[in-house]
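Accompanying notes for the structure given below.
Protein chains in written order, with my numbering: chain A, 23 to 579; chain B, 23 to 579.
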């Protein structure tokens, strides 16, 4: 490919408002442009990389026996309704009616469609497990796109689905995918940490995410400093030791407290650590108030809360609504509160004589003790687990929390979808049984973004060879390009993919800077100075070497 | 691939209501299933073929210098509105709003998006022509899906777009695509006839369709029996010779005519040929009546009419509306008719003393002569051209009309899109000029359907090697499959794609029938009888031959 003819060129400016490296570099190097928020155009360079990522992933899927298929983007909405996934996805699922008023979901994921697909062939036990995958566009109307290619509203996904006769057969397909994800990440030079995770709107209760550490990531996970425990912050559990459990329970005492409204101000006021305080958070759940009690130094994990409540349909109350339940912001207290349900996080049991508000401005209670002062409550785990927790697995190591990007996610659904949709197989006795099912996803554009996040330096991208848009980047420093023209043709004839910067109206400096920005693995330079040889520099290394054509071809093949 | 593990199996029943061969065979052979009307699931076999078609087409695009890109499916609706394509597509364009109430079109074609894409890089004349293509899903909410894969509501399309500095540069890209289409068709063993066509809702006024003869096709085109003239029936022109122009114009005469309402009944009544009659067709155009006069043996071409009227927003009137303009069905006459516009087809000029209705039941006029009896009219070409016409190109040959399926369509838009959307390049003087633009489409699933229509026999599909799902279909006739297992592994090791029918619970007859149905190019049989050799039969031929392994591998590689 001649750079002069390449569709999509480098540019020195960064895209407006870009924060993440992949966004800045892919834009500047001419791989991507945004059509509208979260919907990207991929140039020639962009498509080359995307296509190579598809090939790497497809190969690994084929190797574990998955078969590639294709399915429509518009799904009859009733397939989503059968498992209430339309409600679970809420506004992020786009819907459309056709001219006959039939309702369709614009595919956000394909579980129900795949169950329908498998049903059409009434599989026998002999054919199982069925593992199928596709690369298909997914549509998720996120509230906000972010981070260049990291969170899109429309993106290509490798989504695989497995169907098995029993749990054991299913778990083999799950492990195959798990291992394939590790191999794919390795080939793409992405360092991943598999963590236990929450399935969210997709359903099921066992799943793993493959996380990539990144300070700008939207996700967080915790790891144990001593064992291999790792879990998404949404799912992570942890052990809290008692703080002052030897203290005697003192009598409740109402006191005047002209303090600020937040926990930090409250701790300052009393000159105590945050854990000494009781935090009572009100949520309106389907328009009814509930209260969650938690230790002052710990946050409420809304995913855990949604799983306990079996709905994500809840919100923070308006001031008017607080008034109705007889309390006031900053001074909420369980004592005398008019709510439909009290949930008490386990952390509350680790402290005696907590300080809490008193449902009136500038009034607090000292010495709140659970369960002495609140009889009708459920003890639950709704804590955002952090560094003060101990590992739930080895029960020794301290937990550490990391920011990360999700690279992939694998799900075990059991019969969640197949029961609702009648996904069955014929067993050895000729009878119908429900299929065990799972799903396994990798976002392709996001993967491209992660590869850049993981492989770059100050000058630009450093593509791993497996997904580089071209193998070599050829630069001519002579006024006439004869030597380079000749080399370009020879390399192309050998089947070596070359991006040849044939411009005669820019300086050598610009050409070198563009080569570093675009990030092709091997840079080749020819000029009068190189004589009959070619200067080769790997993008990853500093040193250059002079090679003759034969050795160069050997090196690049 | 082991047949026992293949996802998607053969079946003996035809799909309900199937009329076209591709529909019946692809369903029975297990390549496709319908998810909902016009939206198909592709099995492993189906995807293999689709993917190979993509590769054949992609290769030809790359060879003519096109660069592959990718663009979103949801387009800001304003991009469609800029050229009024939203109106032109009407209900077949699906629309959706996101959570922020922004309006999107679900991509039915990508012209406007591609102009936006090119604009983002402000191309200079040096980069031109820019030719880019993608394989992307298209969504068209057709009134009716039909013919298996022939007319879908959602399908993959190869759509290429070219942008050039001037008409000459553009025409080179148009010709490149034209020739590439012929090559692609050849590789896919599809016989195509390029014909001049109408651009319809896509805009522009110069385009070619690549037609495949098929008695079940939705399209028709005419060809000259003597020269190379070929045009879609929507676009075709023709020359009509005079019928009785030497006759003297006789005076108009109103007569009683207790006859049937249609042209055939009218001709019977008068015992004259149809061409002797004048047909006056009323259309309501944006709710106003117009009349089209045409010879009794010729139909009105509504596409030509739409192009003349510059709108496709017209319809046949209700009886009430006929009453208002002072006429009655079956006896419509231009004489005394209250309409806003008279259009007279050229064919009317080939006859003297026509018979027409008189706008009253059972009353006709004899001896209508244009222009004597109708002063204020426009003479136009709105005829459906057929066998009574002479070729407009060689002016000698008779025209012939054929039913066909459209395989591909290429469009020259001039500045139709780039003017409305500001698609410009920087010329040699640093000034901005509008880009010349064209688009070039091939529907991929439809192509798969056409390949089957063109390559099958009574027993099943006969895949051309270029797009066959596997190279060879291996059948074992022994009770134990040892010999076949061994051969399968050896062939796989050689990189030969084999579908191995390893079933032990079906007869040889079933295996042979399935092999013929699925249509893989080479059938291999091993059994005790074949000794150390392998029986090979080409799907296209009747004879079998016995080969040893070495010769077989040589043959299949």
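In this text, a Cβ means the ideal position worked out from N, Cα and C, and glycines have one as well.
Because the structure is a prediction, the values reported are computed rather than measured.
Beta-carbon proximity list for residue i, same chain, < 7 Å, skipping 5 on both sides
i             : result
residue 423/A : 242, 244, 255, 408 and 409
residue 164/B : 60, 114, 173 and 175
residue 382/B : 350 and 353
residue 212/B : 234, 429, 472, 473 and 476
residue 310/B : 362
residue 420/B : 247, 409 and 412
residue 238/A : 41, 42 and 169
residue 125/B : 99, 117 and 119
residue 29/B  : 65 and 66
Assumed close pair residue i, residue j - CB separation to whole angstroms, cut-off 8 Å
i             : j             : result
residue 475/A : residue 42/A  : 7 Å
residue 203/B : residue 232/B : 5 Å
residue 521/B : residue 544/B : Not a contact, Cβ separation roughly 11 Å.
residue 171/A : residue 468/A : 6 Å
residue 431/A : residue 219/A : 7 Å
residue 88/B  : residue 182/B : 5 Å
residue 339/A : residue 285/A : Wrong, their Cβ atoms sit about 18 Å apart, outside the cutoff.
residue 396/A : residue 356/A : 5 Å
First through last residue of the beta strand (DSSP E) which encompasses residue i
i             : result
residue 230/B : 228-235
residue 302/B : 300-307
residue 179/A : 176-186
residue 96/A  : 96-98
residue 119/A : 117-119
residue 523/A : 520-523
residue 313/B : 310-317
Endpoints, alpha helix (DSSP H) assigned at residue i
i             : result
residue 82/B  : 66-85
residue 472/A : 466-476
residue 378/B : Note, residue 378/B: premise wrong, no alpha helix (DSSP H); beta strand (DSSP E) at 376-382.
residue 291/A : 285-292
residue 55/A  : No alpha helix (DSSP H) contains residue 55/A, which is instead part of the beta strand (DSSP E) from 54-58.
residue 448/A : Note, residue 448/A: premise wrong, no alpha helix (DSSP H); beta strand (DSSP E) at 446-448.
residue 45/A  : 43-50
residue 110/B : 107-111
residue 29/B  : Residue 29/B -> no alpha helix (DSSP H), and no H or E assigned at all.
residue 207/B : 189-209
residue 511/A : 504-515
Residues that residue i bridges to, as DSSP identifies them
i             : result
residue 566/A : 559/A
residue 407/B : None; residue 407/B has no bridge partner.
residue 246/A : 421/A
residue 278/A : 385/A
residue 156/B : 181/B
residue 594/A : For chain A, the structure presents residues 23 to 579; residue 594/A sits outside this window and is missing.
residue 161/B : 176/B
residue 431/B : 231/B and 463/B
residue 412/B : 261/B and 420/B
Same chain only: Cβ atoms within 6 Å of residue i, ignoring 5 sequence neighbours per side
i             : result
residue 228/B : 434
residue 505/B : 548
residue 327/A : 404
residue 537/B : 495 and 545
Other residues of its chain near residue i: CB distance less than 8 Å, five sequence neighbours each side excluded
i             : result
residue 441/B : 456
residue 48/A  : 54, 68, 170, 171, 470, 471, 474 and 483
residue 466/B : 72, 75, 76, 79, 157, 177, 178, 179 and 180
Name the residues in the region 91-117 of chain B whose C-beta lies less than 7 Å from a C-beta of chain A; which are they?
-> 91, 92, 93, 94, 95, 96, 98, 113 and 116
Residues in the region 131-142 of chain B with C-beta within 7 Å of chain A's C-beta atoms, listed in sequence order?
-> 135, 138, 139 and 142
Short-range partners of chain A found in the region 69-84 of chain B, where Cβ spacing is below 7 Å = 69 and 72
Going along the chain, which residues of the region 53-68 of chain A sit with their C-beta nearer than 8 Å to a C-beta in chain B?
-> 55, 57, 58, 61, 62, 63, 64, 65, 66 and 68
Taking any Cβ of chain A, which residues in the region 23-49 of chain B have a Cβ under 9 Å from it, in chain order?
-> 23, 26, 27, 28, 29, 30, 31 and 33
Interface positions of the region 438-463 of chain B facing chain A (Cβ-Cβ less than 8 Å), listed along the chain | none
Listed in chain order, which residues of the region 507-534 of chain A have Cβ atoms closer than 8 Å to some Cβ of chain B?
-> none
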